[in-house]
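Colleague: Just so you know, we're using the working numbering here: the sequence shown kicks off at 2 and counts up by one. Ideal placement from N, C-alpha and C gives every residue a C-beta, glycine not left out. As the structure is a computational prediction, the values presented were derived from the model and not from experiment. Take a look at this one; I'll ask things after.
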Amino acid sequence: MPRWPYLCGLAAATVILFFVGLETWSSREAELLSAVAIFMLVIGLLLRRNERFNRTLAAERRHLHTAVNNIPQGLVVYDASARIVICNQQYLDMFGLSPDVAKPGCTMQRLIAHRQETGSFDGDVEVFCAAIIRSVSLGKATRQLTEAPGGRAIEIVNQPLKGGGWVATIEDITDRTRAEQRIAHLAHYDALTDLPNRVLFREKLEQALRAIRPGKRLAVLYIDIDEFKGVNDALGHAVGDELLKAVAERLRLCLGEADVAARLGGDEFAVIQAAAESELETTRLVEAIHAAIRQPIECTGHLITTDASIGVAVASDGSVNPDQLLKNADLALYGAKGDGRRTYRFFEPGMDARAKARRMLEMELRRAITDGGFEINYQPIVNLRDGGIGGCEALLRWRHPQRGMISPADFIPVAEETGLINELGQFVLDTACMEAAKWPGHVRIAVNVSPIQFRSQTLALNVAGALAASGLAPSRLELEITEAVLMRDDEVALATLHQLRALGVRIALDDFGTGYSSLSYLQRFPFDKIKIDRSFIKGIAEEGASSAIVQSVVNIAAASNMTTTAEGVEQEWQREMLRELGCTEMQGFLFSPAVAAAEIRRMLRERGRDVSAA
């Protein structure tokens, strides 16, 4: 119980007695009693003030304790004798320490020894403590990284205090450390495939060039996934990403221990073969990569068959400039693409000139599209029964102002590689429909559709637009596709075919038998026509398989109510033999090459008159 109320009461009683007995007391006694009363009042007031101070101090201590135990870091304050003044709960929790040991008054040596007992310190206690105490006594801060139970990364900073002692802050930096490590990893590795990126690949190449041993060779492979853009456009980027990850994993499985695979960006990969003994060994690696990539890949429910173009450059010693080696590999890749893709090429000195010519062709191709430098020619398709023209195939022609006519075999691959085929294909479709609308109503127009066009999600919409703009009846338009369209993803391809069929257009399977032919295509989708490639027509009269193949195709088509068109007919005996085999139509130089629009209109008028007269 506080004493100040008692003292105040005593002082008050003294005052009362003073006034009551004032007459009987001497003046000296009265003064003395008055002084005592005043003193007692002062003492009471001082005690009351001291009690208030103690309450305030206790509250401040509670607030300090709460604050110390609520900061996110661990905290230990040591005095000049290396004993604990303050130790918060976070510190105890980080290292699993007992509050009965880690408390005010505990020495630093005992605290660290307790950490050693609980498994969060495995060094020499005395040496460790002596080093910290020596540093802070000299006014130097220290910083250590240690590991807490559970693999957590802990940073301890000891900061000297004026007048002796120091403050130790203990921070769990596990998340920060992992984030920094992740950032450092992403600076050198591809986020999607976890392969080295272009930066790290360059570093690895420089190291590998310096490490080439006598008698060994280093090969750089540039790998480009063929028609990857079409997969992205048709199936979406999620499927494309899964395809890239699958390709990356297959690349890893093809490599030796010293080899390096990297993703340079997009659908481009690269490989360093670090210690090849011969070109044959590099060729075997290329063939292994091709075989791995060509295996069907399951991507989020889609079975995708893909391929790759590969360029190879070789160095036999470390004196080769890395930039030149990479440029050579890129030129070799360009050469592989120029040769039709799905193949590989080793670098040759002449490739640089060919690459420049190809780039020039691409620039001129873009300019021709902008300036309207293309025209459409039309090759008649003749009925073998009555000789009438039942349709015409629209064929794109490029009349270059300096070079003259440029073969489609030269510019179509470039257009497909650069994506310009979509613009060219739309131009052919629109122009051909407009032209065919001027012909007799029974004459169809056939338009080729590139696999890249076919994978566009807007193909059916584009066809509908061309029909609407021209006024051409849908049944008079025949779209020719190749087996390559069906190989990539059957379900997507079939869905697009059904969209086109719903518009009322006819669908022809072009170049049947020249690729990976499958009769299942004919079972799963009812084509209107099968076109027999010219390679079978050329040798149709010779002993061998050509005539048998043509007869089989004709029989298959007849059984499914499909017509057949033989391409490349140049001789009269070929026409007669095709008629005997039951083929429906033919096209080729025997009747007419592809001609301009005005000429095809003249031919249709004359042929119409001849048929009417007959």
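#1: Verify whether the separation of the beta carbon atoms of M352 and L327 is less than 7 Å.
#2: Do three or more CB pairs link the segment 379-399 to the segment 432-451 at distances below 8 Å?
#3: Per DSSP, which one or two residues make a beta bridge with G392?
#4: Anyone know if the C-beta pair for F270 and I224 falls short of 7 Å?
#5: Classify S1 as buried or exposed, calling it buried when 16 or more other Cβ atoms lie within 10 Å of its own Cβ.
#6: Can you tell me the Cα-Cα spacing of G617 and P402, whole angstroms?
#7: Taking the alpha-carbon of D308 as reference, which of A330, P350, M578, G341 has the nearest alpha-carbon?
#8: Considering Q116, what are the terminal residues of the alpha helix (DSSP H) in which it resides?
#9: Is A438 closer than 7 Å to V313 when the C-beta atoms are compared?
#10: Please tell me whether L112 and T170 are closer than 7 Å, where the distance is taken between their beta carbons.
#11: Report yes or no: do the segment 489-509 and the segment 549-559 share at least 3 C-beta pairs separated by less than 8 Å?
#12: When you compare the segment 197-213 with the segment 99-107, are there three or more beta-carbon pairs, one atom per stretch, that lie closer than 8 Å?
#13: In three-state DSSP terms, what is R456?
#14: Which runs of the alpha helix (DSSP H), 4 residues or longer, sit entirely within the segment 146-206?
#15: What would DSSP say about G267, mapped onto helix, strand or coil?
#16: Could you tell me the alpha carbon to alpha carbon distance between E1 and R177, rounded to whole angstroms?
#17: For W167, count neighbouring C-beta atoms within 10 Å of its own C-beta (all shown protein chains included) and say buried if the count is 16 or more, exposed if not.
#18: Mind checking whether L460 and V506 have CB atoms under 7 Å apart?
#19: Return helix, strand or coil for M563, following the three-state DSSP convention.
#20: So is R285 buried or exposed if we call it buried at 16+ other beta carbons inside 10 Å?
#21: Quick check on A276: does DSSP put it in helix, strand or coil?
#22: What does the alpha-carbon distance come out to for the pair C107 and D260?
#23: Looking only at DSSP bridge pairs, what is Y223 linked to?
#24: Between which two residues does the alpha helix (DSSP H) containing D431 stretch?
#25: Only counting runs of 4 or more residues, tell me where the alpha helix (DSSP H) segments fall wholly within the segment 461-534, in order along the chain.
Modeller: According to the structure data:
#1: The answer is no: Cβ separation not under 7 Å.
#2: yes
#3: I382, R445
#4: yes
#5: Residue 1 is absent from the model: the chain starts at 2 and stops at 615.
#6: Nothing can be reported for residue 617, as the shown portion of the chain is limited to 2 through 615.
#7: G341
#8: Checking the sequence shown, residue 116 turns out to be Arg, not Gln. That run of the alpha helix (DSSP H) goes 109-119.
#9: no
#10: no
#11: Contact between the segment 489-509 and the segment 549-559 is not established, with fewer than three Cβ pairs separated by less than 8 Å.
#12: By the C-beta criterion, the segment 197-213 is judged not to be in contact with the segment 99-107, since fewer than 3 inter-stretch pairs fall below 8 Å.
#13: coil
#14: 175-187
#15: coil
#16: For residue 1 there is no data in the structure shown, the boundaries of the chain being 2 and 615.
#17: buried
#18: Contact flag unset, no.
#19: coil
#20: exposed
#21: strand
#22: 57 Å
#23: A271, G312
#24: 422-437
#25: 484-489, 491-504, 520-525
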